[in-house]
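What follows is a single structure, written as structure tokens, with notes after it.
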Amino acid sequence: MEFDLTPKIAQKVFEGEGGAYYSWSSSKFPILGEDKVGAGKLVLQPRGFALPHYADSSKVGYVLGG
């Protein structure tokens with residue numbers, strides 16, 4: 292089985308003055324659907340704030356800078 296590991300551009304789902312949310316969908320990237328996972332990226336602007344929320348799935352997050 293071959294995997295295409297080249298970087299892919301995420302689709303912008305939302306953008307506001309506090310930041311933006313990007314998502315990689317399983318319809319465009321079948322490997323995500325096969326493994327039943329999702330991928331997203333939250334980009335906060337300076338002084339931006341992400342509200343805590345409940346999700347019925349496990350998530351992993353990390354901070355790249357700031």
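Here the sequence shown is numbered in the numbering used here, starting from 292 and rising by one per residue.
The beta-carbon is built from N, C-alpha and C at its ideal position, and this holds for glycine as well.
*In chain order, which continuous runs of the alpha helix (DSSP H) of length 4 or greater are located wholly inside the stretch 317-351?*
321-326
*From serine 349 to glycine 331, what does the alpha carbon distance come to, in whole angstroms?*
13 Å
*Can the beta-carbon of leucine 335 be found less than 8 Å from the beta-carbon of glycine 309?*
yes
_Of the residues Phe320, His344, Gln302 and Ala311, the one placed nearest aspartate 295, counting alpha carbons only_ = Phe320
*Taking the alpha-carbon positions, what's the glycine 307 to phenylalanine 340 distance?*
11 Å
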